[in-house]
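Notes follow the structure.
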Amino acid sequence: LARLHIPNEVQTLLSLGLCFRDRRRLVVPIEALNALPCMIPPAMPGPTPDAQPQEYAVLRYSLETLTAAIEHVRPVAITPYRASADRAAAYQPLLLPHEGASELSRQLNLPTIDLLLLLSLLHTTGAVGPARGRWQVQPEWSALCKQAPRALLTALLDAWQRPRQVSDLGATREFVWICAPDVDGSTVVAQHEATIRAIVWRWLLWSQQQPFDIELFARTLTALHAPLFHFTEDSPIWIGRVGAARYQPLDESTLPTVALALIRQMLHQLARLGLVVVDGQSCALTPTAHWLHSGQPLVVEPPAVYSDSGTTLLVHPLAVAPDLIQLVSTAGQMLPPQDAHSRYQLAADGMVRLLEDGVPIAEFERALLRSGADLTPAFRSQLALWAERAGRLRLHHPLTMIVTAEDTPIAQILAAAGVVDAAEVLGPGCALIEPEYVDLAVEQLRTRGFWPLVVGGAAAAEI
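Structure, rendered in structure tokens:
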């Protein structure tokens, strides 16, 4: 505000309570910012984007598969490149070695640029972090998974707007940040790009789901916020072109080109989160973004929950209660999504987890029906079968019982024979042992003066 030479307007904002002084800064509360209309309404109309928005179910599945696979990959720290000609450092850090990112991309069927974005966001939220030479999933991820989709998306969007390791400008492969040798480039650049992302998101919210032209958006943003994309030679950081012989600051004529490349990169990231839909010319907020920002429930065509086979359940994660999502994720394993629905494969071990959490299978079925679920007869029959079997367990394994005098140190003798791992001592002078080790155990007992009674056959029990 000081650079724009509008002290009278600043005094007006202070007198109205719309901002306050914090040392050398002027701070605008987020409540005031959300309540204010756009001072310069963005008149950037564009055609409706010719693309389909990514559904939240796809994002959630990508996060689940990434956290399951990331622990086998080694994190790296890349030293910034230094050009000897002008002793400047190009800021291009990575979170994964190239071979690790390529391998994970193939394994997860996820583009490398999207993989690095999701990993960076998870790292920013504290859900994953490097430990002992490996990426490690942190307890914050379990807590994040149990939250409602709105809370998870909000956390990812907040992480997207916060400073983070990976440079958006470097990801464009056209331009790169150049930092003076005595400047902590990673900190300066991360904070600067976070400012740009916050401004871009604010303008997207002002658009109110109206499509707008991306190139016109970049030129408008450059005209209003030129210092975001331009630095003088005496600045500690500036922007250079990738592949240039010397990393020199770009002239002002290239500002719209830089802004367009950077904004396209940021819009692609928001599209990966399912918050915008973008093509080569225009962009617009998705219904998911409107649902997230407005706080209103998302209206979808019923049914929001249905089964397509005997054990597969499909759930629209944005249209059902978070408690139901938690129950379904406990009862089943997540499969690749189908359209806007998450798919879960239910199995017997999932029913066991439900029972261990104190949820009867009948109550699980009632929760599905209360949500308006369309369950096939085969699905309900399978639930009834699992409920009928719950609480009964039959163990059957061929074992041989060895019985001898009560004062026999049978545990020590079996240990000396090396068969203690294949035996179970039931009490004084009595043990169960696997048939192939019976002769060895009996021989050890007889050499010590004990003549055991050997009872063959199968030991079975029903609980």
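The working numbering puts the first residue of the sequence shown at 5, with every later residue one more than the last.
Don't be surprised by glycine CBs; every beta carbon is placed ideally from N, CA and C.
Just tell me which of the options has its CA closest to the CA of residue i.
| i | options | result |
| --- | --- | --- |
| PRO306 | LEU322, VAL363 and LEU67 | LEU322 |
| HIS297 | VAL304, SER211, THR258 and ALA366 | SER211 |
| HIS196 | GLN165, PHE179 and ARG27 | GLN165 |
| PRO53 | ILE218, THR412 and ALA366 | ILE218 |
| GLN214 | TRP139, VAL281, LEU359 and VAL262 | VAL281 |
| ILE203 | ALA325, LEU120, ALA230 and LEU17 | ALA230 |
| GLU59 | ALA293, GLY354, CYS434 and THR408 | ALA293 |
| ARG138 | LEU173, LEU208 and ARG78 | ARG78 |
| LEU389 | ALA275, LEU350 and ALA409 | LEU350 |
| ASP378 | THR412, GLY453 and VAL309 | VAL309 |
| ILE241 | VAL193, VAL262, LEU209 and ARG223 | VAL193 |
| VAL459 | ILE417, THR408, LEU358 and ARG450 | THR408 |
| GLU410 | ALA420, PRO432 and THR158 | PRO432 |
| GLN285 | ARG276, ILE267 and ALA72 | ILE267 |
| ILE200 | LEU264, LEU220 and LEU156 | LEU264 |
| CYS183 | ALA222, GLU438 and SER171 | SER171 |
| THR191 | GLY336, GLN169, PRO143 and LEU112 | GLN169 |
| LEU209 | LEU289, GLY133 and VAL132 | LEU289 |
| VAL429 | GLY104, PRO413, LEU444 and ASP443 | PRO413 |
| ILE437 | GLN269, LEU444, ASP443 and ALA427 | ALA427 |
With a 10 Å radius around its C-beta and 16 neighbouring C-beta atoms as the bar for buried, classify residue i as buried or exposed.
| i | result |
| --- | --- |
| TYR85 | Confidence is the limiting factor: at TYR85 the pLDDT is only 42, short of 50, which leaves the residue's position unreliable, though a coordinate-based value still follows. So TYR85 counts as exposed. |
| ILE34 | exposed |
| ASP425 | exposed |
| ASP479 | As shown, the chain starts at 5 and ends at 467. That puts residue 479 outside it, with no answer to give. |
| PHE368 | buried |
| PRO180 | According to the sequence shown, residue 180 is Val rather than Pro. Label assigned to VAL180: buried. |
| ALA92 | A caution first: ALA92 carries a pLDDT of 45, below 50, which makes its placement in the model too unreliable to give a value. |
| ARG347 | buried |
| PRO153 | buried |
| PRO364 | exposed |
| LEU18 | exposed |
| GLY336 | buried |
| HIS76 | exposed |
| GLY133 | exposed |
Alpha carbon to alpha carbon, how far is residue i from residue j?
| i | j | result |
| --- | --- | --- |
| ILE243 | ASP327 | 48 Å |
| GLN273 | ALA227 | 24 Å |
| PRO49 | SER333 | 42 Å |
| SER106 | THR129 | 24 Å |
| PRO341 | GLY247 | 41 Å |
| SER311 | GLU68 | 21 Å |
| GLN386 | ARG393 | 11 Å |
| ILE74 | TRP145 | 13 Å |
| PRO260 | PHE233 | 8 Å |
| TRP205 | CYS287 | 12 Å |
| PHE454 | PRO402 | 24 Å |
| LEU161 | LEU359 | 35 Å |
| PRO301 | LEU279 | 16 Å |
| PRO4 | VAL62 | As shown, the chain starts at 5 and ends at 467. That puts residue 4 outside it, with no answer to give. |
| LEU173 | SER66 | 24 Å |
| THR315 | THR224 | 53 Å |
| PHE216 | MET355 | 49 Å |
| ASP353 | MET405 | 32 Å |
| ALA89 | GLU178 | The predicted position of ALA89 is uncertain, since its pLDDT is 39 and thus under 50; no value can be drawn from it. |
| VAL303 | LEU373 | 19 Å |
| TRP295 | ALA344 | 15 Å |
| ARG64 | LEU157 | 10 Å |
| THR176 | GLN269 | 6 Å |
So for residue i, helix, strand or coil by DSSP?
| i | result |
| --- | --- |
| LEU114 | coil |
| GLU178 | coil |
| GLN349 | strand |
| GLU511 | With the chain covering 5 to 467 only, the question about residue 511 has no answer from this structure. |
| GLY50 | coil |
| PHE24 | strand |
| LEU254 | coil |
| TRP139 | strand |
| ASP378 | strand |
| TRP455 | coil |
| ALA484 | Because the chain here runs from 5 to 467, residue 484 falls outside it and cannot be looked at. |
| GLN337 | strand |
| LEU372 | helix |
| ASP343 | coil |
| PRO231 | helix |
| ARG245 | strand |
| PRO79 | coil |
| MET32 | In the sequence as presented, Met is not what sits at residue 32; that position holds Val. Three-state result, VAL32: coil. |
| ASP443 | helix |
| VAL262 | helix |
| VAL363 | coil |
If you measure from the beta carbon of residue i to each beta carbon in chain B, is any gap under 8 Å?
| i | result |
| --- | --- |
| PRO33 | This model lacks chain B altogether; it includes just one protein chain. |
Runs of beta strand (DSSP E) lying entirely within the stretch 380-421, each at least 3 residues, in chain order
List check, beta strand (DSSP E) in window: 398-402 and 404-407.
At what residue ranges does the stretch 149-174 contain a whole run of the alpha helix (DSSP H), taking only runs of 4 or more?
List check, alpha helix (DSSP H) in window: 153-165.
Complete runs of the beta strand (DSSP E) confined to the stretch 266-330 [at least 3 residues]
The qualifying runs are 280-282, 286-289, 309-311 and 316-319.
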